[in-house]
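I have placed the structure first, in the form of structure tokens, so that the comments after it can refer back to it.
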Amino acid sequence: MKKMKCKLTALFAAAAMALSLAGCGSAASSTASAASGSGQSADYTVGILQYTSHSSLDEIAAAIQSELEQQAQAAGVTINVELKNGQGDAATIKDICTMFVSDKVDLIIPIATPAATVAAAAVQGTDIPLVYSAVTDPVTAQLAKSMEAPGENMTGTSDYIDTAKILDLVLANNPDTKTIGLVYNLGESNSAATIEALRPVLEEKGIQAVESTVTTPGEVQMAAQNLVSKGVDAIFVPIDNTVASAMSVLADEAIKGGVPVYTAADSLVRDGGLATTGVNYTKLGELTAQMAVQVLQGEDPATMPVQVLNDGIVTVNTTTAAALGIDPNVFDLSGEGYVSVE
Ligand code: TRP
0 MKKMKCKLTA
10 LFAAAAMALS
20 LAGCGSAASS
30 TASAASGSGQ
40 SADYTVGILQ
50 YTSHSSLDEI
60 AAAIQSELEQ
70 QAQAAGVTIN
80 VELKNGQGDA
90 ATIKDICTMF
100 VSDKVDLIIP
110 IATPAATVAA
120 AAVQGTDIPL
130 VYSAVTDPVT
140 AQLAKSMEAP
150 GENMTGTSDY
160 IDTAKILDLV
170 LANNPDTKTI
180 GLVYNLGESN
190 SAATIEALRP
200 VLEEKGIQAV
210 ESTVTTPGEV
220 QMAAQNLVSK
230 GVDAIFVPID
240 NTVASAMSVL
250 ADEAIKGGVP
260 VYTAADSLVR
270 DGGLATTGVN
280 YTKLGELTAQ
290 MAVQVLQGED
300 PATMPVQVLN
310 DGIVTVNTTT
320 AAALGIDPNV
330 FDLSGEGYVS
340 VE
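With numbering that gives the first Met the number 0 applied, the sequence shown has no gaps in its numbers, which climb one by one up to 341 at the end.
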């Protein structure tokens, strides 16, 4: 694989700048498009490890795959993609990582924090780089020394969002909000980081947090019922994979109890939550794939800043709003409208 690197680098350069492949071996074709027909196309293998199945991670995985394909086509090279789903199971995730390492893939793209953590351990002592996707807080997860210069052999993308903006939505609908239920898995550092950032904001606004933590998707229904029975004014769900896997159950319970659910990801609103302001995960996936290609081209992940998308798109589920008797327009804080899902 190492030998191919020169060719791949040059081919990407050729695609970008329409230059020839001077200095990179005489056998290589001089244009990107001709390379695939040369019988010795550059062959890279990228292992994608999707932590579990929920709609946002499915969306990210699809975006990564199609962007890798497009980039490869533009450069006239082949990138073989092995997409594996860890099903949220620690043993399965570990096995997949072991397999990627023994297959000597050229790069691993783990999607979501729990997958990235296991993959990072698996590539220790190898020269396989990681470009992780949608890791909310890579520094807290100990995957990056800093966002600007992650160090080691890994970098990636983050979906960190400003929780104060979500609280603005809560208060826009109900300025008298006094209690807010928090449903998340304490074991996911991505959620814990968001919750910690939210606490001082809640305090400042005089809102009391009522915790209802879970460890598996199977516990989400009870957690929701518990908060509804306590009469919380609203529920907040951070970017939590465990809750995401059972979001529709939580949403149903909340709607039954007349409690609005605010979330930190758009998929959680598509799955029945009321409103969010978050990132575009298709864009995040594409960005991850572009960074992966840069690393395949020879760029050093240690010095490539973690990319955070910060588009702050408001998404409202109008079906949920109608069920709760809420006018969705209260969430149009900027006057620029919102993305409406049903
Ligand atoms: N950011 C999450 C993590 O770090 C992964 C994630 C992406 C996610 N999109 C989501 C979790 C939507 C819940 C809902 O692990």
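Even glycine gets a Cβ: it sits at the ideal position worked out from N, Cα and C.
- Secondary-structure assignment with DSSP links I108 through a beta bridge to I47.
- Taking a contact as a CB-CB distance under 8 Å, the pair G272 and T319 counts as one, their CB atoms being some 7 Å apart.
- Across the structure, L197 and K164 are spaced so that their CA atoms are roughly 10 Å apart.
- Remark: C-beta atoms of Y337 and T314 approach each other more closely than 8 Å.
- Here N225 carries a helix assignment [DSSP, helix/strand/coil].
- In the structure shown, the three-state DSSP call for I165 is helix.
- Residue environment for E285: buried (at least 16 other C-beta atoms within 10 angstroms of its C-beta).
- Residue pairing by DSSP places D42 opposite T77 in a beta bridge.
- By a beta-carbon distance limit of 8 Å, A233 contacts I179. Their separation comes to about 5 Å.
- Secondary structure note for L308: it is in no alpha helix (DSSP H), with a DSSP letter that is neither H nor E.
- Taking 8 Å as the cut-off, the Cβ atoms of P300 and M146 do not count as close.
- One thing to note: A208 has its Cβ no nearer than 8 Å to the Cβ of T139.
- The stretch 76-83 and the stretch 47-63 touch, with three or more beta-carbon pairs separated by less than 8 Å.
- Under DSSP, S266 shares a beta bridge with no residue.
- For E252, the uninterrupted alpha helix (DSSP H) run begins and ends at 246-256, by DSSP.
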